[in-house]
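Number of protein chains: 2
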Amino acid sequence: MITSKDNPHLKAIRRLRDKRHREREGLVVAEGEDLVDAARDAGFEPELLLVAGQDVEPQLLDAVSELGSGTRVIGVFRQRWSSPGGRLSVYLHGVRDPGNVGTIVRAAHGLADGPVVLGPDCADPWSPKAVRASMGSVFARPPARADFDEVLAFPGATTLAMVPRDAPALADVEAEPPVVVCLGSERTGLPADVIERCSRRASILLNPSGAESLNVAMAATVALYELNRMAGHA
Amino acid sequence: MITSKDNPHLKAIRRLRDKRHREREGLVVAEGEDLVDAARDAGFEPELLLVAGQDVEPQLLDAVSELGSGTRVIGVFRQRWSSPGGRLSVYLHGVRDPGNVGTIVRAAHGLADGPVVLGPDCADPWSPKAVRASMGSVFARPPARADFDEVLAFPGATTLAMVPRDAPALADVEAEPPVVVCLGSERTGLPADVIERCSRRASILLNPSGAESLNVAMAATVALYELNRMAGHA
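Residue numbers (our numbering), protein chains in the order written: chain L, 30 to 263; chain R, 30 to 263.
Here is the structure:
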């Protein structure tokens, strides 16, 4: 039973709050039974597993947890990365909000067969916020890393740039699979040169008098839903 | 120029962090130029407007801001509430996450003509997190408050319960307008008695091997998109 906050395991968990440290170690912290179970169900073996009251004093586990009081279990797992691919996948460019990245990982797990491909300047999908927003999908369908040139090199892929306006409606776009749905940052969208090199563009039509755009996670989810529907799966 | 943190205006802003206080006063705090502009564009007149370096010392404004350092302006406005209605609107029951409520307010502003109707146990749409997630749509299209009995009393309304499974696919549902899309809490969904009394049910079909559900804000957005598309608007 761990009874000191200076225990090396607890120190290791605290260090993993830092993104550079997570990257260097290639590790991820899963807090709570739901996320730990999701990791194990996906075949991840814990490098470290601490159960409150069994391996560690509950208040010490609470103190290293991002969730705070009442955390019953924390697991540390080795990160895994997918290769890009699938008939339907997502490419993100500059999506910096970890909640958005995690939510898109969850949506792609439900609505696509390929991974979320993280391009430049995206949030770390293994951060506590992203892992939580993914509801464990980050374990079941780990993201991939690639820049846009690598995405363009997918054999026969349709690269579909989602843009806020001045493009055909999503439902009118002919997108032969494999399709890679490409989305950019919340503030500035996809860089012009990425849009330029995509094979198709689409917009989600909104009320002219309403909100000017959707959040990037909503746009990604609607695009995946619509491409699924058009392919006859929904 | 305000130069003391004990200034009554600053104290009033600090008190408005508390939900009960916001409700009692009927006020909302908008932080940053984008949200203050959104409120004014929607015809809200500020009860109080503090510009850093002009009305108040910048570090004192930062100190009362939830955004933290670099806040240039904070406005306090009187809350407004819509009446339920419209050809397409949303009813939420037990959606407690302010980010989800704000995101759904933004989606409905873009994809529906009616407001988001907040039933029991929903997050305060005027909380800083919800206002920020709405990207100002909470001012342009203020939410409504009503319980499910009031929603059922809308003349001729189709109440469409979104459920995670065991219901027709969204695209196969015939929903005569006016349509009220009904969604429940992230963990437990809609209460059984609400589902029972809805006139239609629908699910968003997901990969059988993938994520078990979408986040409630994603489900709301997909439903609004699909109902728009079926009505010939997208």
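Heads up, the beta-carbon is just placed ideally off N, CA and C, and yes, glycines get one too.
Go through the segment 192-257 of chain R residue by residue and report every complete run of the alpha helix (DSSP H) that reaches 4 residues or more, in order. 221-226
So if DSSP puts His-122(R) in a beta bridge, which residue, or which two residues, is it bridged to? Beta-bridge pairing links His-122(R) to Gly-213(R).
Where does the unbroken alpha helix (DSSP H) through Glu-52(L) begin, and where does it stop? 48-54
In chain L, what lies closer than 7 angstroms to Ala-136(R) by C-beta? Leu-243 and Met-247
Starting from Leu-78(L), follow the beta strand (DSSP E) in both directions and report where the run begins and ends. 77-80
Residues of chain R with CB closer than 7 angstroms to the CB of Arg-258(L), please, in chain order. Ala-200
Say whether chain R places a C-beta atom closer than 8 angstroms to the C-beta of Val-251(L). yes
Spell out whether any CB of chain R is found under 8 angstroms from the CB atom of Leu-235(L). Chain R contact via Cβ: present.
Residues of chain R with CB under 9 angstroms from Thr-100(L), in chain order? The premise fails here: Thr-100(L) is roughly 18 angstroms from chain R at the closest Cβ pair, so nothing lies under 9 angstroms.
Contacting residues, own chain, Cβ-Cβ under 7 angstroms from Arg-109(L) (five flanking each side not counted): Pro-171
State whether the segment 84-94 of chain R contacts the segment 30-46 of chain R, with contact taken as three or more CB pairs (one from each stretch) at a distance under 8 angstroms. Taking 8 angstroms as the limit for Cβ pairs, the verdict is that the segment 30-46 of chain R does touch the segment 84-94 of chain R.
With distance defined between alpha-carbon atoms, name the residue in Gly-239(L), Asp-150(L), Pro-154(L) and Arg-53(L) nearest to Val-134(L). By alpha-carbon distance to Val-134(L), the top candidate from Gly-239(L), Asp-150(L), Pro-154(L) and Arg-53(L) is Pro-154(L).
Could you spell out where the alpha helix (DSSP H) holding Val-167(L) opens and where it closes? 166-169
Taking one C-beta from the segment 224-232 of chain L and one from the segment 174-191 of chain L each time, how about it: are there three or more such pairs within less than 8 angstroms? yes
From Gly-114(L) to Gly-143(L), what distance separates their C-alpha atoms? 6 angstroms
Okay, do the segment 199-215 of chain R and the segment 243-258 of chain R touch, 3+ Cβ pairs below 8 angstroms being the bar? yes
Quick one, are the C-beta atoms of Val-278(L) and Val-146(L) less than 8 angstroms apart? Given a span of 30 to 263 for chain L in the structure shown, any question on residue 278(L) remains unanswerable.
Within chain R, partners of Leu-96(L) - CB distance below 7 angstroms: Simply none; closest approach about 14 angstroms.
Can the beta-carbon of Ala-173(L) be found closer than 8 angstroms to that of Ser-111(L)? yes
Could you tell me the boundaries of the beta strand (DSSP E) in which Arg-107(L) lies? 102-107
Taking Glu-241(L) as the reference, which of Gly-72(L), Gly-218(L), Arg-116(L) and Leu-181(L) has the closest Cα? Gly-218(L)
Leu-45(L) (DSSP reduced to helix, strand or coil): coil
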